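*Asks:*
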Ligand SMILES: NC(=O)c1ccc[n+]([C@@H]2O[C@H](COP(=O)([O-])OP(=O)(O)OC[C@H]3O[C@@H](n4cnc5c(N)ncnc54)[C@H](OP(=O)(O)O)[C@@H]3O)[C@@H](O)[C@H]2O)c1
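Numbering (the numbering used here), first residue to last: -10 to 288.
(1) Would you tell me roughly how many angstroms separate the C-alpha atoms of residue 151 and residue 162, rounded to the nearest one?
(2) Which residues mark the beginning and the end of the alpha helix (DSSP H) in which residue 74 is found?
(3) Could you tell me the boundaries of the alpha helix (DSSP H) in which residue 51 lies?
(4) Please classify residue 238: does DSSP put it in a helix, a strand, or coil?
(5) Would you check if the distance between the CB atom of residue 204 and the CB atom of residue 140 is smaller than 8 Å?
(6) Is the Cβ-Cβ distance between residue 117 and residue 61 less than 8 Å?
(7) Is residue 110 close to ligand 1? I mean its beta-carbon at under 7 Å from any heavy atom of the ligand.
(8) Give the secondary structure of residue 184 by DSSP, where H, G and I count as helix, E and B as strand, and everything else as coil.
(9) Excluding the 5 residues flanking residue 260 on each side, which residues of the same chain have their C-beta closer than 6 Å to its C-beta?
(10) For the pair the region 43 to 60 and the region 78 to 97, tell me if three or more CB-CB distances fall below 8 Å.
(11) Report the option in 24, 13, -10 whose CA atom is closest to the CA atom of residue -2.
(12) Provide the residue span of the beta strand (DSSP E) that contains residue 170, from first to last.
(13) By the 10 Å Cβ neighbour count, where 16 or more other Cβ atoms means buried, how is residue 66 classified, buried or exposed?
(14) Classify residue 33: buried if its beta carbon has 16 or more other beta carbons within 10 angstroms, exposed otherwise.
(15) On the DSSP bridge list, what partners appear for residue 94?
(16) Measure the CB-CB distance between residue 175 and residue 240 and report whether it falls below 8 Å.
(17) For residue 60, name the three-state secondary structure that DSSP assigns.
(18) By Cβ distance below 7 Å, which residues in the same chain neighbour residue 245 in space, the five residues on each side in sequence not counted?
(19) Cβ atoms of residue 128 and residue 84: under 8 Å apart, would you say?
(20) Would you identify the three-state DSSP class for residue 249, choosing helix, strand or coil?
(21) Would you mind sorting residue 271 into buried or exposed? The rule is 16 or more other CB atoms within 10 Å of its CB.
(22) Excluding the 5 residues flanking residue 57 on each side, which residues of the same chain have their C-beta closer than 6 Å to its C-beta?
(23) Just to confirm, does residue 18 get its C-beta within under 7 Å of one of the non-hydrogen atoms of ligand 1?
(24) Taking only three categories from DSSP, how would you classify residue 18?
(25) What residue range does the beta strand (DSSP E) around residue 233 cover?
(26) Taking the C-alpha atoms as reference points, what is the distance between residue 225 and residue 274?
(27) What I want to know is whether the C-beta of residue 142 ends up closer than 7 Å to one or more non-hydrogen atoms of ligand 1.
(28) Is residue 29 near ligand 1, judged by its Cβ being under 7 Å from some heavy atom?
(29) For the beta strand (DSSP E) holding residue -5, just list the boundary residues, first then last.
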């Protein structure tokens, strides 16, 4: 079996590359195309067609996305193209080459007012990123109707720089000791990228075996935490002072962050078999520990 993972240099894509290790895998990158990763601009239909024509994959996973708020604000057209156009073009490419497609989406398609959200709950995104993720879902469904769309919540795992996840950014703030206010209203369900990648693998296998699944699937860890609660857990675990961390409403007050997008994930284990649940309390320390010093991890 051959797989192409678009966005393989990213947080989730790196985990998906490992999870698909029993297939012949080709990963793509954009700005971080080091090693074996193939440089592909997913806003280019030609670049996608060229790669897919060469590899002839059985399955494609789309982990391409632009989720950094600074980029949405600073270069909205570029960020929109990276989320929406790329999703449509990859879906068209997958369909043309006869590959099955797993497309990654986000819990931010919901407004966070009425959790838990089922795959058929009505989306109502509050911010630009959520609207792009929803537009991308529509584009994928239009271009490749039998694609599986997997919605995920906030991810964490081994990162390449502290700003790559909320969790590692919070760890830096705890360790820095400078006064900081962290939101204690909006609840996240931090999910390990390796757990999400394993779900992707199972989803891809099910599609390849011809299993009929709903077009949208949800996966999420079960423990809900605010950024402030995560900070306290980090401080407690690493015996760090937390008096400089104040509980606030920074995200909630912005009006564009959903308060609670808990995803109802009951359908997926029934379809794919029970997946290993990673417990946040056990999994977060190795993800944050390298980022508790001012210099970050040694290169
Ligand atoms: N991280 C989360 O908390 C989270 C939560 C829910 C859903 N998601 C979704 O999961 C997917 C993966 O997210 P992630 O956290 O792994 O993101 P990420 O770490 O920012 O990685 C994004 C990937 O997209 C690639 N990319 C960006 N623009 C591209 C372009 N024009 N052409 C080709 N590739 C491009 C990047 O390549 P380079 O880095 O090489 O430039 C990188 O490989 C996204 O759809 C995201 O919306 C993420």
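For glycine and all other residues, C-beta sits at the position ideal for the given N, C-alpha and C. Note that the coordinates shown come from a computational prediction; the quantities given were computed from them, not determined experimentally.
*Replies:* Put simply:
(1) 10 Å
(2) Unbroken run through residue 74: none, as it is neither H nor E.
(3) No alpha helix (DSSP H) holds residue 51; the beta strand (DSSP E) holding it covers 48 to 51.
(4) coil
(5) no
(6) yes
(7) no
(8) helix
(9) 202
(10) yes
(11) 24
(12) 169 to 172
(13) exposed
(14) exposed
(15) 140
(16) yes
(17) helix
(18) 115, 116
(19) no
(20) strand
(21) exposed
(22) none
(23) yes
(24) strand
(25) Counting along the chain, residue 233 falls outside any beta strand (DSSP E), and DSSP gives it neither H nor E.
(26) 11 Å
(27) yes
(28) yes
(29) -9 to -5
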